[in-house]
Amino acid sequence: AQDRRLQPQFSFRLPPGEYLIGAYGQHIEFFERPLNLLPRTSVLDLGKVYLQTRGNYKPYFGKIIAPSWKITEARGLDQKVKLSDLRGKWILLEFWGYWCGPCVGRSLPRLIKIYKGLEKVRDKFEIIAFHDPRAKSFKELDQKLEPIISNKWGGKPLPFPILLDSTGTTIERFGITMFPTSILIDPEGKVFPGGDESKLVEILQTIKSD
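Here the sequence shown is numbered in this note's numbering, starting from 6 and rising by one per residue.
Printed below as a string of structure tokens:
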């Protein structure tokens, strides 16, 4: 029997029009390609697609990384805030995009629930949603988020700060190419190895029980 894992083929039907196909993964750079499907096109061969391996933020583990971000617009925090200004708190940086289904449909709703559930220790942590460079302004982002807020977030916007960096500097510095990506930073400003929202909850629940 053939190993179907060696047959990277798929098919689906689409009406004529312009599309954008994208691919990303844990160890590859984000890839996208525009498609223009003309009427009476029966088969479209994408040909060979070469994916680049991605960087990662592991070199930052255990090292001081503040002030390593760049902010072009901010909501919920001062635009001039530095990561070092937030020392003393656990910080969960969530890198996301409005275009990312897993971000807006799974990770952010989960963070909303966590944020509300940890209200009693709100002074011990902060969740910061750092959008990718596709959103150049909050005016643009708000338009993109309107249907998402209505259909996926219960009609309410994110309850925690959102930061924009339209230059892409922050994404590049952290080596972020997969979305969503969570980075947990300890109260000393160091990246916590393997940290994510689950680890944040575990740590803060320990604080609550003390």
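All C-beta atoms in this analysis are idealised placements derived from N, C-alpha and C, irrespective of residue type, glycine included.
Notebook entry, point to check: When you compare each of F17, G180, S171, W158 to G106 by their alpha carbons, which one comes out closest?
Noted result: Residue nearest to G106 within the set F17, G180, S171, W158 is W158 (criterion: CA-CA distance).
Note to self: Going by DSSP in three states, F184 sits in which element: helix, strand or coil?
What the structure shows: It is coil, neither helix nor strand.
Item checked: Extent of the continuous beta strand (DSSP E) to which E228 belongs -> In this structure the chain extends from 6 to 215, so residue 228 is not present and cannot be described.
Check: Where in the stretch 140–190 do unbroken runs of the alpha helix (DSSP H), each at least 4 residues long, occur, reported from the N-terminal end onward?
Finding: For the stretch 140–190, whole alpha helix (DSSP H) runs of length 4 or above, ordered along the chain, are 143–156, 174–179.
Next item on the list: Could you tell me if S112 is buried or exposed, where buried requires 16 or more neighbouring beta carbons within 10 angstroms of its beta carbon?
Entry: Buried: at least 16 other Cβ atoms inside 10 Å.
Notebook entry, point to check: In this structure, what does DSSP give as the bridge partners for F17?
Noted result: Residue pairing by DSSP leaves F17 without any beta bridge partner.
Item checked: Local conformation of R92 per DSSP, three classes -> For R92, the three-state secondary structure derived from DSSP is coil.
Notebook entry, point to check: Would I133 be called buried (16 or more neighbouring beta carbons within 10 Å of its own) or exposed?
Noted result: Buried is the call here.
Notebook entry, point to check: What are the start and end residues of the alpha helix (DSSP H) that includes R115?
Noted result: Annotation for R115: the continuous alpha helix (DSSP H) segment containing it runs 113–122.
Next item on the list: Kindly indicate which three-state DSSP category V206 falls into: helix, strand or coil?
Entry: Helix at V206.
Margin query: Excluding the 5 residues flanking P192 on each side, which residues of the same chain have their C-beta closer than 7 Å to its C-beta?
Written below: Closer than 7 Å at Cβ, skipping near neighbours: R92, G93, K94, W95.
Notebook entry, point to check: K144: which of L42, L19, E78 sits nearest, CA to CA?
Noted result: Among L42, L19, E78, the Cα nearest to that of K144 is on E78.
Notebook entry, point to check: Which of helix, strand or coil does DSSP assign to V48?
Noted result: It is coil, neither helix nor strand.
Notebook entry, point to check: Should R18 be counted as a contact of the ligand SAH given a C-beta to heavy atom distance under 6 Å?
Noted result: Within the structure as shown, the ligand SAH is missing, as the structure has no ligands at all.
Next item on the list: Just the C-alpha distance for L146 and L209, rounded to the nearest angstrom, thanks.
Entry: Roughly 31 Å separates the two Cα atoms.
Check: Where K161 and R45 are concerned, what is the direct C-alpha to C-alpha distance, given to the nearest angstrom?
Finding: Their Cα atoms are separated by approximately 43 Å.
Notebook entry, point to check: Are there 16 or more other CB atoms within 10 angstroms of the CB of D170, so buried, or fewer, so exposed?
Noted result: Buried: at least 16 other Cβ atoms inside 10 Å.
Check: Taking C-beta to C-beta, are G180 and D137 nearer than 7 Å?
Finding: With respect to the 7 Å criterion, G180 and D137 are not classified as neighbours on the basis of their beta carbons.
Next item on the list: In the DSSP assignment, find the beta strand (DSSP E) that holds E131 and state where it starts and stops.
Entry: Its beta strand (DSSP E) spans residues 130–136.
Next item on the list: Identify whether D8 lies in helix, strand or coil by the three-state DSSP scheme.
Entry: In this prediction, D8 has a pLDDT of 39, which is less than 50 and means its spatial position is unreliable; nothing more can be read from the coordinates.
Item checked: Whole-Å CB distance - I167 paired with G81, under 8 Å assumed -> That belief holds up - the Cβ atoms of I167 and G81 are roughly 6 Å apart, short of 8 Å.
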